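Remarks on the structure that follows.
There are 2 protein chains.
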Amino acid sequence: MSVSRRGEVLEFAVLGLLAESPMHGYELRKRLGSLLGPLRAFSYGSLYPCLKELVARDLLTQDDVPAATTSEPLRGRPSRRSKIVYRLTGDGKERFQALLAESGPSAWEDDNFGVHLAFFARTDREVRLRILEGRRSRLEERLATVRTALTRTKERVDGYTLELHRHGLESAEREVRWLDKLISAEQHDSTTRRNRSTDRSDTTRTDPTPR
Amino acid sequence: MSVSRRGEVLEFAVLGLLAESPMHGYELRKRLGSLLGPLRAFSYGSLYPCLKELVARDLLTQDDVPAATTSEPLRGRPSRRSKIVYRLTGDGKERFQALLAESGPSAWEDDNFGVHLAFFARTDREVRLRILEGRRSRLEERLATVRTALTRTKERVDGYTLELHRHGLESAEREVRWLDKLISAEQHDSTTRRNRSTDRSDTTRTDPTPR
DNA sequence: TCCCGATGTATCAGCGCGATACATCGGGGG
DNA sequence: CCCCCGATGTATCGCGCTGATACATCGGGA
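From first to last, the protein sequence lines are chains A and B.
First residue of the first sequence: 49, per our numbering; consecutive thereafter.
First residue of the second sequence: 49, per our numbering; consecutive thereafter.
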């Protein structure tokens with residue numbers, strides 16, 4: 049209760065990046081940008097408090113690096129500020145592994161899905177499949193809602209609004225097809241191991257090839 | 049200053065919806081949902097404070113409607129809470145027209161573009177074109193940044209992250225093509241039919257927009 | 001009858017963004 | 001030679017917005 053549970057996506061991303069190699073805040077934020085895209089990138093106003101909390105939870109350690117690169121005897125300025133390098137602790141690695149293994153709804157909700165996908169290379173194949181399929185049915189279900197809402201009000205809306213929604217709808221449909229491609233790639237890839245692709249693990253009725 | 053300037057998108061949307069007809073908060077929020085899509089829809093935690101502020105700025109009036117629909121003599125309950133209907137004032141209509149005429153960068157930034165497009169039926173054709181073209185170049189410019197960033201790091205990222213960014217890139221490219229279609233539709237519309245574009249008059253005469 | 005979902009108004013904790021502040025450093029132009 | 005500028009680097013604050021929650025009425029189905 050008192051843990052205050054920050055949004056897990058930033059925590060997850062930070063742990064994953066620091067699992068590759070220790071680094072300082074500025075560098076971390078840049079990597080965050082290239083991980084999640086220029087959008088989705090978190091600001092320092094989120095990053096630094098998050099780092100602070102992770103240190104408090106003993107998932108990270110922070111080492112102040114004086115960065116006395118030269119033999120310069122530390123001039124008049126008493127405080128020669130430099131980098132603060134963050135590093136994963138054992139608990140941190142454990143926590144990251146636990147988050148990697150997460151395959152429930154929290155893994156495929158809008159905000160979280162991107163990060164989980166970005167770390168797929170370090171994720172178990174079965175978990176990958178569950179997340180992809182969960183994401184797919186989540187999208188499909190939203191799609192159904194939007195579609196009916198759209199047809200119900202189709203005649204009562206002007207052409208521009210309609211066009212806006214049509215484009216949004218097509219984007220979502222395109223994302224479903226993209227997910228299908230990823231899923232089928234995963235299944236194909238598994239041919240080297242025992243493949244149980246015919247089991248009925250579908251959470252929702254998914255017709256093969258809607259159209 | 050003291051005006052506190054709330055995010056203009058909600059204000060714009062609310063004014064636009066109330067310009068069609070007065071209504072109460074609950075109804076307003078539903079329309080907001082079908083205007084901007086289920087995502088993008090604002091929560092009551094945003095809507096009610098916004099309404100309060102707009103009333104304080106004399107852009108809206110709020111009328112408490114007892115909702116004694118029938119001749120029912122108002123049974124035992126002393127407090128028969130009912131709807132609070134919001135209505136545009138003259139200043140409100142003026143403000144909405146001013147926002148409709150907005151064609152600067154604020155009109156085509158990510159957050160604002162959707163609302164402006166949703167009200168295109170009530171927007172001057174020239175303003176429509178400027179907004180569409182502004183939006184297009186904004187997207188194109190971001191696209192260029194992402195593309196170079198992607199090729200620079202192409203080899204240093206695992207396949208899943210790459211795929212994620214590739215899909216995002218294609219979505220943006222698709223949106224550009226979509227804008228191109230809208231722009232060309234606008235231009236075509238102007239050459240074929242001589243719209244009474246030069247007249248003043250009607251504030252809201254909606255011409256049948258392209259399919 | 002009782003519960004449930006829709007209608008209806010309203011608030012609150014907390015999160016994340018954007019702006020801002022401060023400080024060091026290398027380099028290019030006046 | 002200096003000064004500005006942009007990149008590097010850490011950090012905070014205001015505030016809009018979300019999701020949860022609260023409360024109240026109503027119609028309808030089990």
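Glycine included, C-beta positions come from ideal geometry on N, C-alpha and C.
If you're wondering where the values come from, they're calculated on a predicted model, not measured in any experiment.
Handout entry: Range covered by the alpha helix (DSSP H) that runs through V194 (chain B)
Key = Taken as a continuous stretch (DSSP letters only), the alpha helix (DSSP H) holding V194 (chain B) covers R173 to R200.
Handout entry: Test: T193 (chain B) CB closer than 8 Å to a CB of chain A
Key = T193 (chain B) belongs to the set of residues whose beta carbon lies under 8 Å from a beta carbon in chain A.
Problem - Residue-level contact to chain A via CB, D206 (chain B), 8 Å cutoff - result: yes
Practice task
Confirm, please, whether the CB-CB distance from T137 (chain A) to T109 (chain A) is below 8 Å.
Solution key: yes
Handout entry: E223 (chain B) versus B:A197, B:K202, B:V103 and B:L191, residue with shortest Cα-Cα distance
Key = Check the Cα spacing between E223 (chain B) and each of B:A197, B:K202, B:V103 and B:L191: the tightest is with B:L191.
Problem - Inter-residue Cα distance where the pair is G85 (chain B) and H213 (chain A) - result: A direct Cα-Cα distance of roughly 7 Å separates G85 (chain B) from H213 (chain A).
Exercise for the section: Examine the Cβ distances between the region 187-202 of chain B and the region 159-173 of chain B and report whether three or more of them are shorter than 8 Å. Expected result: no
Practice task
Figure out for me which residue from B:H215, B:D112 and B:L83 has the closest Cα to the Cα of D206 (chain A).
Solution key: B:L83
Problem - Range of the contiguous beta strand (DSSP E) that encloses L212 (chain A) - result: Annotation for L212 (chain A): no beta strand (DSSP E) segment contains it, though the alpha helix (DSSP H) segment containing it runs G207 to D237.
Problem - Every unbroken alpha helix (DSSP H) within the region 91-167 of chain B, with a cutoff of 4 residues, ordered by chain - result: 92-104, 138-149, 153-156 and 158-166
Exercise for the section: Name, please, each residue of chain B whose Cβ falls closer than 8 Å to the Cβ of L83 (chain A). Expected result: T209
Handout entry: Buried versus exposed call for P121 (chain B) [16 or more other C-beta atoms within 10 Å across all chains shown]
Key = Since pLDDT at P121 (chain B) reaches only 44, below the 50 mark, its modelled position is unreliable, and no value is offered.
Exercise for the section: Say whether chain A places a C-beta atom closer than 8 Å to the C-beta of S219 (chain B). Expected result: yes
Problem - Distance, L65 (chain B) Cα to I231 (chain B) Cα - result: 25 Å
Practice task
Give the straight-line distance between the Cα atoms of Q235 (chain B) and R225 (chain B), rounded to the nearest whole angstrom.
Solution key: As the crow flies, the alpha-carbon of Q235 (chain B) is around 15 Å from that of R225 (chain B).
Exercise for the section: Could you please give the first and the last residue of the uninterrupted alpha helix (DSSP H) stretch that includes L87 (chain B)? Expected result: No alpha helix (DSSP H) contains L87 (chain B), which DSSP labels as neither H nor E.
Exercise for the section: Out of A:E56, A:R143 and A:T193, point me to the one whose CA is closest to L95 (chain A)'s CA. Expected result: A:E56
Exercise for the section: Could you pull out every residue in the same chain whose Cβ sits closer than 7 Å to the Cβ of P70 (chain A), ignoring the five residues on either side in sequence? Expected result: For P70 (chain A), the CB contacts under 7 Å within the same chain, skipping 5 residues up- and downstream, are V133, Y134 and R135 in chain order.
Exercise for the section: Closer than 6 Å by C-beta to L147 (chain B): which residues in its own chain qualify, once you throw out the five before and the five after it? Chain order, please. Expected result: F60
Handout entry: G140 (chain B) burial status per 10 Å Cβ neighbour count (16 or more: buried)
Key = buried
Problem - Beta-carbon proximity of R79 (chain B) to G162 (chain B), cut-off 8 Å - result: no
Handout entry: For E181 (chain B) and L227 (chain B), the rounded distance between their alpha carbons
Key = 8 Å
Exercise for the section: Give a yes or no on whether the minimum CB-CB distance between P86 (chain A) and chain B is below 8 Å. Expected result: yes
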